[in-house]
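J.: Chains L and R, in that order, give the protein sequences. Per this note's numbering, the very first residue in the first sequence carries number 2; after that it's consecutive. Per this note's numbering, the very first residue in the second sequence carries number 574; after that it's consecutive.
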Amino acid sequence: MSKILVIAEHLDGKLNGATARAVSAAVAVKPESIDVIVLSDAPDAVAAEAAKIDGVSKVLTVARAENAHAMAAILAPQIAKAAAGYSHVFAPSTTFGKDLAPRVAALLGVSQVSDVMSVEGAHSFRRPIYAGNAIITVEVDTASTVVATIRTASWPAAASNGSAPVEALTVDVALPSHTRFVNLQQGKSDRPDLQGAAKVVSGGRGVGSKENFDIIYKFADKIGAGVGASRAAVDAGYCPNEMQVGQTGKIIAPELYMAIGISGAIQHLTGIKDAGTIVAINKDGEAPIFEIADIGLVGDLFKILPELEAAL
Amino acid sequence: MKILVGYKRVVDYNVRIQVKPDGTGVVTDGVKLSANPFDDIALEEALRLREKGVAEEVIVVGIGPADLTAHLRNGLAMGANRAIHVQTADAVSPLTAARTFLKLIEKEQPGLVILGKQAIDDDANQTGQMLAALWDRPQATFAGKVEIADGKATVTREVDAGLETIEADLPAVITTDLRLNEPRFIKLPDIMKAKAKPIDVIELGSLGIDAADHIKTTHYAAPAKRSKGVMVKDAAELVAALKQKGLL
Chain L
2 MSKILVIAEH LDGKLNGATA RAVSAAVAVK PESIDVIVLS DAPDAVAAEA AKIDGVSKVL
62 TVARAENAHA MAAILAPQIA KAAAGYSHVF APSTTFGKDL APRVAALLGV SQVSDVMSVE
122 GAHSFRRPIY AGNAIITVEV DTASTVVATI RTASWPAAAS NGSAPVEALT VDVALPSHTR
182 FVNLQQGKSD RPDLQGAAKV VSGGRGVGSK ENFDIIYKFA DKIGAGVGAS RAAVDAGYCP
242 NEMQVGQTGK IIAPELYMAI GISGAIQHLT GIKDAGTIVA INKDGEAPIF EIADIGLVGD
302 LFKILPELEA AL
Chain R
574 MKILVGYKRV VDYNVRIQVK PDGTGVVTDG VKLSANPFDD IALEEALRLR EKGVAEEVIV
634 VGIGPADLTA HLRNGLAMGA NRAIHVQTAD AVSPLTAART FLKLIEKEQP GLVILGKQAI
694 DDDANQTGQM LAALWDRPQA TFAGKVEIAD GKATVTREVD AGLETIEADL PAVITTDLRL
754 NEPRFIKLPD IMKAKAKPID VIELGSLGID AADHIKTTHY AAPAKRSKGV MVKDAAELVA
814 ALKQKGLL
C-alpha cells in the first residue's frame, strides 16, 4: 500500500491553497495514509490549517530557524530524510514545488513526474508535454519512490472538515549556508488570489496602458474576481509579472474566466483551458481567443465593461 | 571564471505539435528543430557576463545524437567559446542530464552553470534543480535578474508571490525565466567563425553514470478539445448568459 508525503506550501503563516489540491491528487492514489509536512520556523498556524484538509492522516511539523523562508537548498535535505518509509512525495506544481521537488527527487536518486493531471494508478499518471499540446501516460518503476508535482489547475482543493493530529518531527540533517534569502517583493492586493479564485478577469494588450488597466481592476472588484494579464500586457509594462496567466505564467482553472482585450496566443490559451466558462471580449472578431471561448462578444472593451457594470 | 550553459535542441516553438494516431509519440519527422528558447536566454546571459568581464569562457553543452553538431555550431555562432557534445542516441531524462552535467563540472570546474528553467518539449523543469542537489551547490531557479560580484550571485527570481531575491555563493546553478534578457540574433560572419571553434565529443556511455530511467512513457494522446461556444451581441446578452449559468 502507498504512503504519501505531501509538502505544504505556505507564506506569512498561511497555508497556500495549492496544498489542498495536492492532497486531492494524493487521495486519488487511494493510499494507506497521507501525511502533510510543514517546514517552517514557526509551523503551528500552518499545521493547524493543514490538519483540517480532508484525507490527511497526520501533519508533521519541522520547526527550525533555517526554515523561515522556503529555500529549496535548505528544505530539500530535510524532506529527503523525512521521506524514508513513504512510497510517494507530492508537492504542488507552483514555483515553490517546481523549485523544491526536483531537488528532493535528485537526493532520493529518482526521476520526477512533473505536473500530474490525473492518477491512473499508484504508479501511473498523466501529464502534459509540449505546452499541453500532448498528454502522456507515464509509469514509474514500482521499486522507486514516486516524486511528483501536482498540476493545481487539474485538481479541486480537498475540503477542510478534517482534524488530523499534528506531530513535531526532528530531522537530524546538516543544512547548507550557501544560499540565503534576501527579500520578497509582493504585489499587495486584497483581491482573490489568482490561482485560487473562482472568477478571474484578465486584460491583454488591447487594454492599451497601465492607467487603462484600472478598468479591469474596477470590473473585477465589482464581481469579486482575481485579476490576471496576458504575457503581452505584462511585457508592455501594464501590470507586474506575477499577474501573468499562461504557459510561462500561472496555469489556472477558475469557474469563470473573462479575457478582455486578449487575442489568445497559444501560450495564453494553455494557461486557461481548464477554466469552467471562458468569456472573451475583443474588438477583433477573428482573434484566436474566440476559438476556445464559451461566450464571445466582439466590441470595444472600453464601451462594454461600463455597460456590463451597469447591467449587474 | 568558466560558465557552462545547457543548450538543448527541441521542436521549434512555432511548430504545431501532432500526436501520432497510434499514440506512440508526437510527429517529429521533418519538423523544424531549434534551440530551447530558455537555453538561448541562458547562453545570452553567459555571453553578457563574459562581455562584462565576469567570465572568461562560455561553454555550451548538448546531449544528443550525432547530428546535434549543427545545433551546437549555432551556440558557437551566437558567441560561446567552445562546445561539448555528449553523444547518445537515446532520449535522456532530467536526472541523467543532471548526472551528465555533474561529470562535466568535475572536469571543467565552472564558476557558474546556467540552464533554461525548462525545455519546451518535455516541460519537465527539473534538470537545474537536480544538478544543484547532486553537486550540493546553490540553485537560483526562474531567474529574472542576475548580478555576480564578490564570489556570489544575487538573483531575482520570478515566483508566484512576486519577485524573490536570493544570494548564492559560487559556484551555483541558475535557471532562466523568460524576462531575464532578449537573446541576440546570430550574424552571418559569426556562423563562418563558429566553424573554427572546437566541439569536444564525449560518448555518454563513457562517463560511467547510471542512465537508467525510472519513468516510462506508455502512451501519447491529443489534449481534450473545448467545444465551440456561442457569440452574444451586447453586454446585456452576456450578463443574461452568465446569470443563466449561475456565474454572476
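From the three backbone atoms N, C-alpha and C, an ideal C-beta is built for every residue, glycine too.
Using a C-beta cutoff of 8 Å, does R/Lys818 count as contacting chain L?
T.: Here residue 818 of chain R refers to the residue found at position 245 of the second sequence. By this cut-off, R/Lys818 is an interface position.
J.: Taking the C-alpha atoms as reference points, what is the distance between R/Thr673 and R/Ile788?
T.: Here residue 673 of chain R refers to the residue found at position 100 of the second sequence. Here residue 788 of chain R refers to the residue found at position 215 of the second sequence. Between R/Thr673 and R/Ile788, the C-alpha separation is close to 18 Å.
J.: What do you reckon, are the CB atoms on R/Thr521 and R/Leu821 nearer than 8 Å?
T.: The displayed coordinates of chain R run from 574 to 821. Any statement about residue 521 of chain R would go beyond what the structure contains.
J.: My assumption, with CB atoms under 8 Å, is that R/Glu630 sits in contact with R/Lys575. Please give the rounded CB distance.
T.: Along the second sequence, read from residue 1 onward, the residue named residue 630 of chain R stands at position 57. Along the second sequence, read from residue 1 onward, the residue named residue 575 of chain R stands at position 2. With a Cβ gap of about 5 Å, R/Glu630 and R/Lys575 count as contacting.
J.: Below 8 Å, how does it come out for the segment 67-81 of chain L and the segment 118-134 of chain L: are there three or more Cβ pairs, yes or no?
T.: Touching, no, given that fewer than three Cβ pairs across the two stretches are closer than 8 Å.
J.: Using a Cβ-Cβ cut-off of less than 9 Å, list which residues of the segment 700-718 of chain R approach chain L; keep chain order.
T.: Taking 9 Å as the Cβ-Cβ cut-off against chain L, the residues of the segment 700-718 of chain R that qualify are Thr700, Gly701, Gln702, Met703, Leu704, Ala705, Ala706, Leu707, Asp709, Arg710, Pro711, Gln712, Ala713, Thr714, Phe715 and Gly717.
J.: Assign L/Ser34 to one of three DSSP states: helix, strand, or coil.
T.: Counting from 1 along the first sequence, the entry for residue 34 of chain L is found at position 33. Residue state, collapsed to three classes: strand.
J.: Going straight from the alpha carbon of L/Ser161 to that of L/Ser145, what length do you get?
T.: For the purposes of this step, residue 161 of chain L is identified with residue 160 of the first sequence, where counting begins at 1. For the purposes of this step, residue 145 of chain L is identified with residue 144 of the first sequence, where counting begins at 1. Rounded to whole angstroms, L/Ser161 to L/Ser145 spans 31 Å at the Cα level.
J.: Quick one: what's got a C-beta closer than 7 Å to R/Glu740's C-beta in the same chain, skipping five residues either side?
T.: Working through the second sequence from its first residue, we reach residue 740 of chain R at position 167. Cβ within range, chain order: Lys725 and Thr727.
J.: For L/Val90, decide whether its Cβ has a neighbour in chain R, counting only Cβ atoms nearer than 8 Å.
T.: Here the question's residue 90 of chain L lines up with position 89 in the first sequence. Not closer than 8 Å to any Cβ of chain R, the Cβ of L/Val90 fails to qualify, so no.
J.: Buried or exposed for L/Ser164, going by 16 or more other Cβ atoms inside 10 Å?
T.: Walking along the first sequence from the start, residue 164 of chain L turns up at place 163. Classification of L/Ser164: exposed, given that the 10 Å Cβ count is below 16.
J.: Contact between the segment 610-617 of chain R and the segment 282-298 of chain L is defined here as three or more beta-carbon pairs at a separation below 8 Å; is this criterion met?
T.: Result no; under three Cβ-Cβ pairs closer than 8 Å.
J.: Are three or more beta carbon pairs between the segment 577-584 of chain R and the segment 633-653 of chain R nearer than 8 Å?
T.: The segment 577-584 of chain R, when compared against the segment 633-653 of chain R, does touch it at the 8 Å Cβ threshold.
J.: Short check: CB of L/Gly227 to CB of L/Pro193, under 8 Å?
T.: Position 226 of the first sequence, counted from the start, is the residue given in the question as residue 227 of chain L. Position 192 of the first sequence, counted from the start, is the residue given in the question as residue 193 of chain L. Taking 8 Å as the Cβ cut-off, L/Gly227 and L/Pro193 qualify as a contacting pair.
J.: Here's a check: name, in chain order, each residue in its chain whose Cβ is nearer than 6 Å to the Cβ of L/Leu309, leaving out the five neighbours to either side.
T.: Working through the first sequence from its first residue, we reach residue 309 of chain L at position 308. Nothing meets the Cβ criterion.
J.: Kindly indicate if chain L contains any beta-carbon less than 8 Å away from that of R/Asp602.
T.: The sequence position of residue 602 of chain R within the second sequence is 29, counting from 1. No, R/Asp602 does not count as interfacial toward chain L.
J.: Could you spell out the range, first to last residue, of the alpha helix (DSSP H) harbouring R/Glu737?
T.: In the second sequence, the residue the question calls residue 737 of chain R occupies position 164. Element bounds for R/Glu737: not the alpha helix (DSSP H) but the beta strand (DSSP E), Gly735 to Asp742.
J.: Please classify R/Asp733 as buried or exposed, where buried requires at least 16 neighbouring CB atoms within 10 angstroms.
T.: For this step, residue 733 of chain R is matched to residue 160 along the second sequence. Per the 10 Å Cβ criterion, buried.
J.: I believe R/Thr642 touches R/Ala784 by the beta-carbon criterion, under 8 Å. Please report the beta-carbon distance rounded to the nearest angstrom.
T.: Residue 642 of chain R sits at position 69 when you count from the first residue of the second sequence. Residue 784 of chain R sits at position 211 when you count from the first residue of the second sequence. About 21 Å; that fails the 8 Å criterion.
J.: Could you check where the beta strand (DSSP E) with L/Glu155 kicks off and where it finishes?
T.: Here residue 155 of chain L refers to the residue found at position 154 of the first sequence. This sequence places Ser at residue 155 of chain L; Glu is not what is there. Looking at the DSSP string, L/Ser155 is not in any beta strand (DSSP E), and its letter there is neither H nor E.
J.: Taking the alpha helix (DSSP H) that R/Ile764 falls in, what are its first and last residues?
T.: For the purposes of this step, residue 764 of chain R is identified with residue 191 of the second sequence, where counting begins at 1. Looking at the DSSP string, the run of the alpha helix (DSSP H) that includes R/Ile764 is Leu761 to Ala767.
J.: Counting only the same chain and skipping the five closest in sequence on each side, list residues whose C-beta sits under 6 Å from that of L/Gly265.
T.: Residue numbering aside, residue 265 of chain L sits at position 264 when the first sequence is read from its first letter. Ala288, Pro289 and Ile290, listed in sequence order.
J.: Closest to L/Leu16 by C-alpha separation, out of L/Val37, L/Gly86, L/Pro32 and L/Met2, would be which residue?
T.: As a working note, residue 16 of chain L is residue 15 in the first sequence. Of the listed residues, the one whose Cα sits closest to L/Leu16 is L/Val37.
J.: Quick one, are the C-beta atoms of R/Ala671 and R/Leu645 less than 8 Å apart?
T.: Sequence index remark: in the second sequence, residue 671 of chain R carries index 98 (1-based). Sequence index remark: in the second sequence, residue 645 of chain R carries index 72 (1-based). Going by C-beta atoms, R/Ala671 is not nearer than 8 Å to R/Leu645.
J.: Identify every residue that forms a DSSP beta bridge with L/Phe182.
T.: As a first step, residue 182 of chain L is located in the first sequence; it is residue number 181 there, counting from the start. DSSP output for L/Phe182 lists R/Ile739 as bridge partner(s).
J.: Between L/Leu309 and chain R, is the shortest Cβ-Cβ distance under 8 Å, so that the two count as touching?
T.: Locating residue 309 of chain L in the first sequence gives position 308, counting from the first residue. Chain R, which has a Cβ nearer than 8 Å to the Cβ of L/Leu309, makes this yes.
J.: What are the boundary residues of the beta strand (DSSP E) that R/Asp612 is part of?
T.: The count along the second sequence starts at 1 and reaches residue 612 of chain R at position 39. Taken as a continuous stretch (DSSP letters only), R/Asp612 belongs to no beta strand (DSSP E), being part of the alpha helix (DSSP H) at Pro610 to Glu624.
J.: Can you name, in chain order, every residue of its own chain whose Cβ lies under 7 Å from the Cβ of L/Pro241, other than the five neighbours on each side?
T.: Position 240 of the first sequence, counting from 1, holds the residue named residue 241 of chain L. Only Gly188 meet the Cβ criterion.
J.: Could you give the residue range of the alpha helix (DSSP H) that holds L/Phe97?
T.: In the first sequence, the residue the question calls residue 97 of chain L occupies position 96. It spans Thr96 to Leu109 - the alpha helix (DSSP H) in which L/Phe97 sits, taken as one unbroken run.
J.: Exposed or buried, what is L/Gln79 when buried is set at 16 or more other beta-carbons lying within 10 Å of its beta-carbon?
T.: As a working mapping, residue 79 of chain L is identified with position 78 in the first sequence. The residue is buried, with at least 16 neighbouring Cβ atoms inside 10 Å.
J.: For L/Tyr131, which of helix, strand or coil comes out of DSSP?
T.: As a first step, residue 131 of chain L is located in the first sequence; it is residue number 130 there, counting from the start. Residue state, collapsed to three classes: helix.
J.: I'd like to know if the segment 112-126 of chain L and the segment 152-159 of chain L are in contact, where contact means that at least 3 CB-CB pairs between them fall below 8 Å.
T.: They touch, by the three-pair rule.
J.: Could you tell me whether the Cβ of R/Gly802 comes closer than 8 Å to any Cβ of chain L?
T.: Start at 1 with the first residue of the second sequence, and residue 802 of chain R comes out as number 229. Closer than 8 Å to some Cβ of chain L, the Cβ of R/Gly802 qualifies, so yes.
J.: At 8 Å on the CB atoms, spell out the chain R contacts of L/Asn184, in chain order.
T.: Your numbering for residue 184 of chain L matches position 183 in the first sequence. Those are Glu737 and Thr738, listed as they occur along chain R.
J.: Mind listing the chain R neighbours of L/Ser112? Cutoff is C-beta to C-beta under 7 Å, in chain order.
T.: On the first sequence, residue 112 of chain L is found 111 positions in, with the first residue counted as 1. Residues of chain R passing the Cβ test: Ser666, Pro667, Leu668, Asp786, His787 and Ile788.
J.: Can you list, in chain order, the residues of the segment 17-28 of chain L whose Cβ is nearer than 7 Å to any Cβ on chain R?
T.: Of all residues in the segment 17-28 of chain L, none has a Cβ within less than 7 Å of some Cβ in chain R.
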